[in-house]
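In my numbering, the protein residues as written are 589 to 835.
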């Protein structure tokens, strides 16, 4: 079952390898690296196996901002699957999530907030303008409010972070959002202790996505490779979310 099907991963990596060219604009550069690791570092797991394909990476000052690899494809799968209507995205990266959203017939508009002009320029070197996609070159916390059916924050560099709570509050104050999601949401919920999460009002969609991706992990025989998030971090973030979600 997708998103953990290896053929699906290979298909997506190949697709974007053929769409995106290497290049540099300002402080940002797209590179293609040989994937020689004996392990696949995917979403919520690490498995001894190989993806025998080169992987595209977006390099910025002092770090890697994004890569089109198993973790990107698997972690964004549920959001892309469920999103519809008018969608907001914070963080453009290499454009994978935005392009996948625009393919869907039930997506009317995608508004992307990207603070780095160089990243936007790199994106337009590889992708034509799409009437569904509107990219706004501003700090996402300083924009005018909109109404969104779905809103996705993807600025955490593949690391679960305390900021998810602060950003949830800030973006919901700026915009009117029906379904708010952030990168790593399923991993967060699956790492929560039952005796703690049972007392928190968790949005139905968050729970549904987490159950679906757990089933996908199970079907792909990846539970034995599952990597739990830090227990103390998860507990603290959940307690902070409780205040907001229970209002």
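Quick reminder that beta carbons are idealized off the backbone N, C-alpha and C, glycines included.
The beta-bridge partner set that DSSP reports for residue 724 consists of 701. Annotation for residue 615: 648, 649 and 706 place their beta carbon closer than 7 Å to its own, counting only its chain and skipping 5 residues before and after. Between the C-alpha atoms of residue 738 and residue 675 there is a straight-line separation of about 5 Å. By the neighbour-count criterion, in which 16 or more other beta carbons inside 10 Å mark a residue as buried, residue 806 falls on the exposed side. Within the segment 704-764, the complete beta strand (DSSP E) segments of 3 residues or longer fall at 721-724 and 735-741, listed in chain order.
The Cβ-Cβ distance between residue 802 and residue 817 does not fall below 8 Å.
In the structure shown, residue 787 falls within a coil segment according to DSSP collapsed to helix, strand and coil. Per DSSP, the beta-bridge partners of residue 767 are 738. In the three-state scheme derived from DSSP, where H, G and I count as helix and E and B as strand, residue 632 is classed as coil. In the structure shown, the three-state DSSP call for residue 619 is strand. Only residues of its own chain outside the window of five on either side were considered, and among them 729 have a CB closer than 7 Å to the CB of residue 758, listed in chain order.
Judged by pairs of C-beta atoms under 8 Å, the segment 732-746 does not touch the segment 707-715, as fewer than three such pairs exist.
Per DSSP, the unbroken beta strand (DSSP E) holding residue 644 starts and ends at 643-648. Shown here, residue 605 sits in a helix according to DSSP, grouped into three states.
Cβ contact annotation for residue 641 (same chain, cutoff 8 Å, sequence separation greater than five): 598, 601, 602, 605 and 623, in chain order. With fewer than 16 other CB atoms across the displayed protein chains lying within 10 angstroms of its CB, residue 782 is exposed.
CA-CA distance, residue 768 to residue 791, rounds to 9 Å. Residue 663 and residue 628 have their C-alpha atoms some 14 Å from each other. Two segments are said to touch when three or more pairs of C-beta atoms, one from each, lie closer than 8 Å; by this definition the segment 740-753 does not touch the segment 718-726.
A distance below 8 Å between beta-carbons, with the five flanking residues on each side excluded, links residue 750 to the following residues of its chain, in chain order: 821, 824, 825 and 828. DSSP places residue 781 outside both helix and strand once states are collapsed to three, so it counts as coil. Ranked by Cα distance from residue 669, the options 591, 775 and 696 are led by 591.
Judged by DSSP in its simplified three-state form, residue 638 adopts coil rather than helix or strand. Here residue 831 is exposed: its Cβ has fewer than 16 other Cβ atoms, across all protein chains shown, within 10 Å.
Using a Cβ distance threshold of 8 Å, residue 703 and residue 723 do not count as a contacting pair.
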